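Read through the structure below, which is laid out as C-alpha coordinates, and then see the notes.
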Amino acid sequence: KGVGKTSIAQIIYNQSPLVAAFVYAPVLADNLFATLKQDSEKDLVTLTKEYADVPLLIIDDLGTEHTGGNGFMAARFTQLIDMRYSRHKVAGDRPTMITTNLSQELLTAKYAEGRLADRIFERGFSKRIAINTPSWRTG
(Lines of atoms letter the chains of each structure in order from A; the text may use other names.)
(Lines give C-alpha, C1' and ligand atoms only; values in the text may rest on other atoms or scores of the structure.)
Protein backbone atom coordinates (compact mmCIF):
# COMPACT_ATOMS: atom_id res chain seq x y z
CA LYS A 3 0.00 0.00 0.00
CA GLY A 4 3.00 2.27 -0.34
CA VAL A 5 3.72 2.92 3.33
CA GLY A 6 7.39 1.97 3.30
CA LYS A 7 7.37 -1.68 4.41
CA THR A 8 9.74 -2.83 1.69
CA SER A 9 12.08 0.12 2.25
CA ILE A 10 12.27 -0.63 5.97
CA ALA A 11 12.87 -4.32 5.26
CA GLN A 12 15.65 -3.45 2.79
CA ILE A 13 17.35 -1.19 5.35
CA ILE A 14 17.23 -4.00 7.92
CA TYR A 15 18.64 -6.40 5.33
CA ASN A 16 21.47 -4.03 4.42
CA GLN A 17 22.34 -3.18 8.03
CA SER A 18 21.97 -6.64 9.58
CA PRO A 19 25.04 -8.12 11.22
CA LEU A 20 23.57 -11.53 10.34
CA VAL A 21 23.88 -13.24 6.98
CA ALA A 22 20.50 -12.53 5.48
CA ALA A 23 18.31 -13.38 2.51
CA PHE A 24 15.78 -10.87 1.19
CA VAL A 25 13.17 -12.37 -1.11
CA TYR A 26 9.97 -11.03 -2.64
CA ALA A 27 7.20 -13.55 -1.88
CA PRO A 28 6.24 -14.16 -5.55
CA VAL A 29 9.92 -14.79 -6.39
CA LEU A 30 10.18 -17.21 -3.45
CA ALA A 31 7.13 -19.04 -4.80
CA ASP A 32 8.62 -19.12 -8.31
CA ASN A 33 11.94 -20.41 -6.94
CA LEU A 34 10.24 -23.19 -5.00
CA PHE A 35 8.04 -24.13 -7.94
CA ALA A 36 11.04 -24.16 -10.32
CA THR A 37 12.61 -26.97 -8.30
CA LEU A 38 9.96 -29.32 -9.66
CA LYS A 39 11.35 -29.06 -13.20
CA GLN A 40 13.57 -31.92 -14.34
CA ASP A 41 16.46 -29.62 -15.23
CA SER A 42 16.37 -27.74 -11.92
CA GLU A 43 19.75 -27.16 -10.28
CA LYS A 44 18.24 -27.75 -6.83
CA ASP A 45 15.49 -29.95 -5.52
CA LEU A 46 12.62 -28.67 -3.37
CA VAL A 47 14.03 -30.09 -0.13
CA THR A 48 17.45 -28.48 -0.65
CA LEU A 49 16.07 -25.05 -1.53
CA THR A 50 13.57 -25.10 1.33
CA LYS A 51 16.38 -26.03 3.73
CA GLU A 52 18.54 -23.17 2.42
CA TYR A 53 15.79 -20.66 3.15
CA ALA A 54 15.11 -22.32 6.51
CA ASP A 55 18.79 -22.22 7.52
CA VAL A 56 19.71 -18.65 6.57
CA PRO A 57 20.34 -16.71 9.80
CA LEU A 58 17.88 -13.91 8.87
CA LEU A 59 15.14 -14.43 6.30
CA ILE A 60 13.13 -11.45 5.07
CA ILE A 61 10.05 -12.28 3.01
CA ASP A 62 8.61 -9.19 1.38
CA ASP A 63 4.93 -8.82 0.50
CA LEU A 64 3.66 -12.17 1.73
CA GLY A 65 0.25 -12.82 0.27
CA THR A 66 0.94 -11.39 -3.18
CA GLU A 67 2.22 -14.71 -4.54
CA HIS A 68 -0.07 -17.06 -6.44
CA THR A 69 -0.73 -20.05 -4.20
CA GLY A 70 -2.68 -22.04 -6.77
CA GLY A 71 -5.79 -24.05 -6.22
CA ASN A 72 -4.17 -27.29 -5.11
CA GLY A 73 -2.55 -25.96 -1.93
CA PHE A 74 1.01 -26.83 -3.00
CA MET A 75 2.48 -23.36 -2.54
CA ALA A 76 0.58 -22.64 0.65
CA ALA A 77 1.95 -25.90 2.05
CA ARG A 78 5.53 -24.96 1.01
CA PHE A 79 5.31 -21.53 2.66
CA THR A 80 3.82 -23.11 5.78
CA GLN A 81 6.59 -25.73 5.84
CA LEU A 82 9.29 -23.07 5.54
CA ILE A 83 7.86 -20.93 8.33
CA ASP A 84 7.33 -24.07 10.44
CA MET A 85 10.99 -25.02 10.05
CA ARG A 86 12.14 -21.56 11.11
CA TYR A 87 9.56 -21.46 13.91
CA SER A 88 10.75 -24.79 15.33
CA ARG A 89 14.37 -23.67 15.25
CA HIS A 90 13.43 -20.40 16.94
CA LYS A 91 11.52 -22.22 19.68
CA VAL A 92 14.45 -24.54 20.43
CA ALA A 93 17.49 -22.31 19.91
CA GLY A 94 16.07 -18.79 19.95
CA ASP A 95 17.62 -17.98 16.60
CA ARG A 96 16.62 -17.75 12.95
CA PRO A 97 14.65 -14.48 13.01
CA THR A 98 12.20 -14.08 10.15
CA MET A 99 10.87 -10.72 8.98
CA ILE A 100 7.71 -10.66 6.91
CA THR A 101 6.04 -7.70 5.27
CA THR A 102 2.44 -8.00 4.18
CA ASN A 103 -0.68 -5.97 3.54
CA LEU A 104 -2.86 -8.82 4.82
CA SER A 105 -4.43 -9.07 8.23
CA GLN A 106 -4.18 -12.20 10.33
CA GLU A 107 -7.66 -13.16 9.19
CA LEU A 108 -6.79 -12.82 5.50
CA LEU A 109 -3.52 -14.75 5.93
CA THR A 110 -5.47 -17.48 7.72
CA ALA A 111 -7.90 -17.68 4.80
CA LYS A 112 -5.15 -17.67 2.14
CA TYR A 113 -2.96 -20.40 3.64
CA ALA A 114 -4.29 -23.88 4.37
CA GLU A 115 -5.57 -24.54 7.86
CA GLY A 116 -4.45 -21.14 9.17
CA ARG A 117 -1.25 -22.64 10.54
CA LEU A 118 1.04 -20.17 8.78
CA ALA A 119 -0.79 -17.18 10.25
CA ASP A 120 -0.81 -18.82 13.70
CA ARG A 121 2.98 -19.16 13.57
CA ILE A 122 3.58 -15.68 12.23
CA PHE A 123 1.39 -13.97 14.83
CA GLU A 124 2.36 -16.06 17.86
CA ARG A 125 3.67 -14.05 20.79
CA GLY A 126 7.33 -14.73 21.37
CA PHE A 127 7.93 -15.61 17.73
CA SER A 128 6.88 -12.33 16.22
CA LYS A 129 6.57 -8.66 16.89
CA ARG A 130 3.83 -7.06 14.88
CA ILE A 131 4.46 -3.53 13.70
CA ALA A 132 1.56 -1.78 12.02
CA ILE A 133 2.37 1.18 9.81
CA ASN A 134 -0.71 3.34 9.83
CA THR A 135 0.05 6.11 7.40
CA PRO A 136 -1.30 7.16 4.02
CA SER A 137 0.34 5.68 0.96
CA TRP A 138 3.44 7.49 -0.21
CA ARG A 139 2.52 6.53 -3.74
CA THR A 140 -0.96 8.04 -3.81
CA GLY A 141 -0.53 10.74 -1.17
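FYI, the numbering for the sequence shown is 3 to 141, going by this note's numbering. Ideal Cβ positions, reconstructed from N, Cα and C, are used throughout, including at glycine. Since we're looking at a predicted model, the values are computed, not measured.
7 Å or more divides the Cβ of residue 54 from the Cβ of residue 78. The continuous stretches of alpha helix (DSSP H) do not include residue 26, which lies in the beta strand (DSSP E) extending over residues 22-26. The bridge partners DSSP lists for residue 128 are 125. Taking the Cβ atoms as the reference, residue 62 lies roughly 6 Å from residue 27, within the contact range of under 8 Å. Residue 104 holds the alpha-carbon nearest to the alpha-carbon of residue 65 among 104, 91, 51, 139.
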